Amino acid sequence: MPGPAGHVTIVGMPEAASLPVDDPRPPRKLYRSSDGRWLGGVARGLAGHLGLPVIWVRLAFVGLFMANGLGALLYAAFWFWVPLGVGGVGEQKQPLVGTATAPDGRRRLLARRPEKGQIVALLLMVIVSMVFVGSVNLGSAAKAYLLPAVLVAAGVALVWRQADNARRARWVEVGRRRRTLTLLRAAGGVLLVTAGVSAIFVLQGSAAHLGAVLQAALVVLVGITLLAGPYLVRMTQDLSEERLMRIRAQERAEVAAHVHDSVLHTLTLIQRNADNGNEVRRLARAQERDLRTWLYKPEGTGKDEADEPDTVAEAVRRSAAEVEDKHGVPIEVVIVGDCALDERTGAQMQAAREAMVNAAKYGGEGGAVQVYAEVEGRTVFVSVRDRGPGFDLDSIPADRMGVRESIIGRMERNGGTARLRSVPGGGTEVELEMERAEKTS
Amino acid sequence: MSDATETNGTAGGAETAGAGAAGGGGGRHVRVVLVDDHRMFRTGVQAEIGQTAETGVEVVGEAADVDQAVTVITATRPEVVLLDVHLPGGGGVEVLRRCAALTADTERPVRFLALSVSDAAEDVIGVIRGGARGYVTKTITGTDLVDSIFRVQEGDAVFSPRLAGFVLDAFASTDAPPVDEDLDRLTQREREVLRLIARGYAYKEIAKQLFISVKTVESHVSAVLRKLQLSNRHELTRWATARRLV
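Quick mapping for you: the protein sequence lines, in order, are chains A and B. Note that my numbering has the first sequence beginning at 1, numbered continuously upward. Note that my numbering has the second sequence beginning at 442, numbered continuously upward.
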């Protein structure tokens, strides 16, 4: 006795399935841009926020700078208060990191190299400030303090940029090698600030006490570190642990939502098609494949079905999945290595797909179709093998173009080779070999 | 991924076993312990392979987590353990670690055959490096499973096409200089054998193709397994680290 159609109740199913997946658009918030910035990313962030060209904002800052250095103050304030974010509004999803396919076929994250523009900008700033200092008459007393002030400012800027980088590194995961560099930079910043402050001190005329004061300051500093250090360490540890837990919980909720949703869907379909064995098998296989990609893929997403495949492995997997779904014959795929698709390998993939279709159509009763793809050096090799009845290539009438044109012809036209081995009663194997095109990117 | 071909045991393998050892349940007998945290699954496997008279497999114990598994295996001393990879208490790798002494025993070794629903590289390579003699997925059919169990009992390795693919992948980057360090590296012949396994050939078919005996194929496969467990070359380590295996 069938229940009400389309209504499935599963006792004891957790509530996680009903988690809100997409929350409403976040309110517009000002971020400094970490991408393509020259100094602190303030101008870029502002430009993104206001929807203005970046150059306008930069010019405005320079203009304001001329007005008694107001621009610099403003910039500093922005730098201080506005958090570093990704892009401006409108380019929020711009990826910070690019993925590139390494020669060995695995995907790697690439951190962007710092742009030359930043160095140019810093030099420009120095020159502008020199001109500014040279042209503006401040009076000799103030002028004496200028150099130390610049020193302090430079030190602060160094350390703050550093903090930004540390923050960015959390997303980008910059390699460990750079840690020494960051330490050096921090030390440099501290040195600059100390020098500046000391200079101001000296200028004030209390040079005699400098040593004693520095010592006292050091003692206080050490004391504070000793007192507050453990708390600080504990706090950061707690914080990172908490963050980890939150990420885990989020991930779990996501998995639960995905699994429940798709499994429920499949179960419903299976209930409706319980009598149709083929359909049930097809559904189960599709579901299994889906879950597998979702659970075991290193990249985790596995949801980019819409766009075209751009590597050999992806193309083979895609074709196999499609043929499997269409013909209901399980296709087992083993892939060794990977490389980007080019024109030749693209043709090879089409030939391979044709071979899979043939194998599924004519050799499907013998069990799973086996697909093996290997990228070794410049050669891409694909073998499609079934355990069906097999056939004799010579006995196929000349007007049947399937194998001859779609597989053998296509491979030869593109400079590859196709071999067909078929033993009547012992299955068929199609071997496709192709050299990759010279230019790979 | 699929039923029939997950072991090499398929058509060719079964015939081999039939030719070599006595076929059916005839002369052979093996004592097996089932380790899996899903009771339903244990019951299913038991029902499928547990008819000792027909299959020659006798299930002498079951366990649902790592501690139980170690206790049961030590107490019953089976010849083959069917080991799930994901277990409460540390997983199959932990069981392997704690039973290392039993596996190393030369007189009556306990051999492990991993039986998992996952065919992810990290799971497969993880338990193989832990010392399992084979790896099959849960979609395997009853007859193939029985065949794999006997294969493992005889000391052979059960390599699925996927497993062969993973191994080839792991050793692929070290392909350039083929001769030096030949103790650690796969020989040309071993690579050939692995490649054919990855293409879905059964041991017997490989033997025919390469004009060698089935026994030679098996020894090549065992050599690969040995290298996989013992090799500490940088590439493999790095590869494993990149996939969060170690």
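Beta carbons are placed, not taken as given, at the ideal position from N, Cα and C, and that holds for glycine. All values derive from a computational prediction rather than experimental measurement.
Problem set entry | Touching by the beta-carbon criterion (3+ pairs, under 8 Å), the stretch 596-612 of chain B and the stretch 628-640 of chain B | yes
Exercise. Would residue 372(A) count as contacting chain B if we go by Cβ distances under 8 Å?
Worked result: yes
Problem set entry | Touching by the beta-carbon criterion (3+ pairs, under 8 Å), the stretch 585-592 of chain B and the stretch 493-510 of chain B | Proximity of the stretch 585-592 of chain B to the stretch 493-510 of chain B meets the contact definition, three or more beta-carbon pairs being nearer than 8 Å.
Problem set entry | residue 373(A) - containing beta strand (DSSP E), residue span | 369-376
Exercise. Beta-carbon separation of residue 604(B) and residue 336(A) under 8 Å?
Worked result: no
Exercise. Can you tell which of 265(A), 232(A), 329(A) has its C-alpha closest to the C-alpha of residue 277(A)?
Worked result: 329(A)
Problem set entry | residue 211(A) classed as buried or exposed, judged by whether at least 16 other C-beta atoms fall within 10 angstroms | exposed
For this session: Run the CB neighbour count on residue 460(B), radius 10 Å, all protein chains shown included, and call it buried at 16 or more, exposed below.
Result: Note on residue 460(B): pLDDT 37, under 50, position unreliable in the model; the coordinate value appears next. Exposed, by the Cβ-count rule.
Exercise. Taking Cβ to Cβ, would you say residue 633(B) is nearer than 8 Å to residue 664(B)?
Worked result: no
For this session: Consult DSSP for residue 521(B) and reduce its assignment to one of helix, strand or coil.
Result: Per DSSP, reduced to three states, the secondary structure at residue 521(B) is strand.
Exercise. By Cβ distance, which residues of its chain are closer than 7 Å to residue 433(A), with the 5 residues on each side in sequence left out?
Worked result: 379, 381, 416, 417
Exercise. Taking the C-alpha atoms as reference points, what is the distance between residue 152(A) and residue 158(A)?
Worked result: 10 Å
For this session: Would you kindly check if the distance between the Cβ of residue 410(A) and the Cβ of residue 352(A) is under 8 Å?
Result: Their beta carbons are not under 8 Å apart, which means residue 352(A) does not touch residue 410(A) by this criterion.
For this session: Measure the C-alpha to C-alpha separation of residue 251(A) and residue 242(A) and round it to an integer number of angstroms.
Result: Going from the Cα of residue 251(A) to the Cα of residue 242(A) covers about 14 Å.
For this session: For chain B, find out if any of its Cβ atoms is closer than 8 Å to the Cβ of residue 254(A); answer yes or no.
Result: Any Cβ of chain B closer than 8 Å to the Cβ of residue 254(A) would place that residue at the interface, and such an atom is absent.
For this session: Consult DSSP for residue 563(B) and reduce its assignment to one of helix, strand or coil.
Result: helix
Problem set entry | alpha helix (DSSP H) segment containing residue 696(B), residue limits | Lying before the first or after the last residue shown, residue 696(B) is absent from chain B, which here runs from 442 to 687.
Problem set entry | residue 660(B), DSSP secondary structure in three states | Residue state, collapsed to three classes: helix.
Exercise. For chain D, is any of its Cβ atoms less than 8 Å away from the one on residue 609(B)?
Worked result: Here the protein chains are A and B, and chain D is not one of them.
For this session: List the endpoints of the continuous beta strand (DSSP E) containing residue 576(B).
Result: DSSP places residue 576(B) inside the beta strand (DSSP E), whose first and last residues are 575-578.
Exercise. For residue 45(A), which option in 260(A), 81(A), 345(A), 357(A) has the closest C-alpha, if you only look at C-alpha atoms?
Worked result: 81(A)
Exercise. Can you name, in chain order, every residue of its own chain whose Cβ lies under 6 Å from the Cβ of residue 406(A), other than the five neighbours on each side?
Worked result: 354
For this session: Spatial neighbours of residue 3(A) within its chain, please: CB distance less than 6 Å, with the 5 preceding and 5 following residues excluded, ordered by chain position.
Result: Unreliable positioning characterises residue 3(A) in this predicted model, as indicated by a pLDDT of 42, which lies under 50. The coordinate reading is nonetheless provided below. Contacts found: none.
For this session: Could you list which residues in chain B have their beta carbon closer than 8 Å to that of residue 251(A), in chain order?
Result: Within 8 Å Cβ-Cβ: nothing; residue 251(A) doesn't reach chain B, min ~14 Å.
For this session: For the beta strand (DSSP E) holding residue 475(B), just list the boundary residues, first then last.
Result: 471-476
Problem set entry | chain A within 8 Å of residue 603(B), Cβ atoms only | yes
Exercise. Taking the C-alpha atoms as reference points, what is the distance between residue 547(B) and residue 289(A)?
Worked result: 41 Å
Exercise. With C-beta atoms as the reference, is residue 368(A) less than 8 Å away from residue 323(A)?
Worked result: no
Exercise. Which word fits residue 245(A), buried or exposed, when buried means at least 16 other C-beta atoms lie within 10 angstroms of its C-beta?
Worked result: exposed
Exercise. Shorter than 8 Å from the beta carbon of residue 247(A) to some beta carbon of chain B?
Worked result: Taking CB atoms only, residue 247(A) has no neighbour in chain B less than 8 Å away.
Exercise. According to DSSP, what are the bridge partners of residue 337(A)?
Worked result: None, per the DSSP bridge assignment.
Problem set entry | Contacting positions in the stretch 638-651 of chain B - beta carbon closer than 7 Å to chain A | 639, 640, 641
For this session: Please confirm whether residue 473(B) and residue 536(B) have their CB atoms less than 8 Å apart.
Result: no
For this session: Keeping to the same chain, check which residues put their C-beta closer than 7 Å to that of residue 437(A); ignore five residues upstream and five downstream.
Result: 342, 343, 344
For this session: Would you mind sorting residue 443(A) into buried or exposed? The rule is 16 or more other CB atoms within 10 Å of its CB.
Result: In the structure as shown, chain A starts at 1 and stops at 441, and residue 443(A) therefore has no counterpart that could be examined.
Exercise. Whose Cβ in chain A lies nearer than 8 Å to the Cβ of residue 606(B)?
Worked result: Within chain A, the residues near residue 606(B) are 334, 335, 336, 372.
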